[in-house]
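One structure is given here, and the rest of the page talks about it.
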């Protein structure tokens with residue numbers, strides 16, 4: 003990945019007011035250093051991220067350690083602006099499962115992706131609850147669960163089960179348009195169905211030609227990203243005018259973060275793609 007300072011530079015140059023902290027360990031958890039860098043660029047941090055193995059019972063200590071460090075850090079920074087009708091104030095803690103080869107190679111393929119046993123599912127739910135309760139109880143940070151391609155919360159049946167097993171008073175949802183589409187769901191219909199749980203949103207877009215090609219290969223999710231499955235918003239298969247109309251109808255007032263997955267071996271910068279995405283969204287009325 004590019005140096006974190008370069009990411010901040012490009013976020014500011016592309017016209018954004020904030021961004022996520024990124025994967026644990028990407029930005030230094032140094033309040034004075036990162037705080038000064040954000041202030042210089044007029045940026046804020048809208049969310050931290052737990053992106054780890056949520057399934058293994060032996061990983062809970064590590065998950066809670068990361069939760070402590072991330073939440074202590076993001077709440078020590080100046081908070082992002084709170085908007086009228088926003089359910090919960092930012093910054094959030096986005097929680098994603100990751101780290102399982104058997105699911106990574108089945109990303110986007112619901113029929114062939116193995117599902118967790120009842121015991122393993124309950125362990126994962128327990129780990130998510132523990133993260134959410136620590137984040138909220140100690141730091142006042144709202145946890146938002148993010149279904150992610152290649153993890154054990156990806157497909158529609160898993161999203162439904164998770165919403166049943168973890169109530170909205172414990173954690174909300176961060177739904178990602180790109181991951182919903184990659185998993186075979188209609189982003190517009192799914193956003194509408196879970197509007198009552200929707201605290202935070204990620205936007206990305208999918209190149210239909212590349213997507214159709216990689217679905218025919220045995221390939222990890224981020225390797226698919228490396229060959230261009232995710233494209234600037236407006237150049238792909240997701241209907242953003244329909245999403246704009248839906249969010250207006252819902253009165254959604256929370257934050258939306260744009261993501262642009264790129265090949266880490268060619269990560270000279272994402273400024274052009276981010277600027278193109280932002281320009282398209284502006285033309286669409288966002």
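Residue numbers (the working numbering): 3 to 288.
The beta carbon of each residue, even a glycine, is placed where N, CA and C say it ideally should be.
Proximal residues to residue i (C-beta, below 8 Å), its chain only, five neighbours per side dropped
i           : result
residue 217 : 110 and 111
residue 61  : 54, 55 and 129
residue 198 : 170
residue 64  : 54
Nearest candidate by alpha-carbon position, reference residue i, set the options
i           : options               : result
residue 2   : 170, 174 and 120      : An answer regarding residue 2 cannot be provided, because it is not within the stretch 3 to 288 covered by the chain.
residue 107 : 213, 156, 283 and 221 : 221
residue 41  : 272, 21, 50 and 52    : 21
residue 12  : 260, 273 and 118      : 273
residue 49  : 211, 278, 25 and 39   : 25
residue 104 : 223, 136 and 74       : 223
residue 151 : 143, 160 and 185      : 185
residue 91  : 102, 74, 14 and 138   : 138
residue 244 : 286, 214 and 143      : 286
residue 97  : 219, 176 and 284      : 176
residue 51  : 19, 23 and 116        : 23
residue 36  : 18, 68 and 80         : 80
residue 114 : 156, 122, 136 and 230 : 156
residue 194 : 134, 282, 247 and 9   : 247
Rounded distance between the beta-carbons of residue j and residue i, thought under 8 Å
i           : j           : result
residue 254 : residue 202 : Contact doesn't hold; Cβ gap of about 10 Å is too wide.
residue 145 : residue 196 : About 15 Å; that fails the 8 Å criterion.
residue 66  : residue 132 : 6 Å
residue 93  : residue 47  : 6 Å
residue 141 : residue 77  : 5 Å
residue 39  : residue 7   : 6 Å
residue 135 : residue 172 : 7 Å
6 Å CB neighbourhood of residue i in its chain, flanking five on each side removed
i           : result
residue 182 : 189 and 192
residue 227 : 263
residue 126 : 56 and 57
residue 261 : 204 and 206
residue 187 : 158
residue 88  : 255 and 256
Status (buried if at least 16 other CB within 10 Å, exposed otherwise) for residue i
i           : result
residue 178 : buried
residue 130 : buried
residue 234 : buried
residue 169 : exposed
residue 148 : buried
residue 3   : exposed
residue 174 : buried
residue 44  : exposed
residue 5   : exposed
residue 211 : exposed
residue 259 : buried
Beta-carbon proximity list for residue i, same chain, < 7 Å, skipping 5 on both sides
i           : result
residue 71  : 31
residue 277 : 16
Heavy atom of the ligand PLP within 8 Å of residue i beta-carbon
i           : result
residue 176 : The ligand PLP is not among the ligands present in this structure, which contains no ligands whatsoever.
(request) For the region 238-253 and the region 204-218, state whether three or more C-beta atom pairs, one from each stretch, are separated by less than 8 Å. (result) As far as the Cβ criterion goes, the region 238-253 touches the region 204-218, which means the pair count is three or higher.
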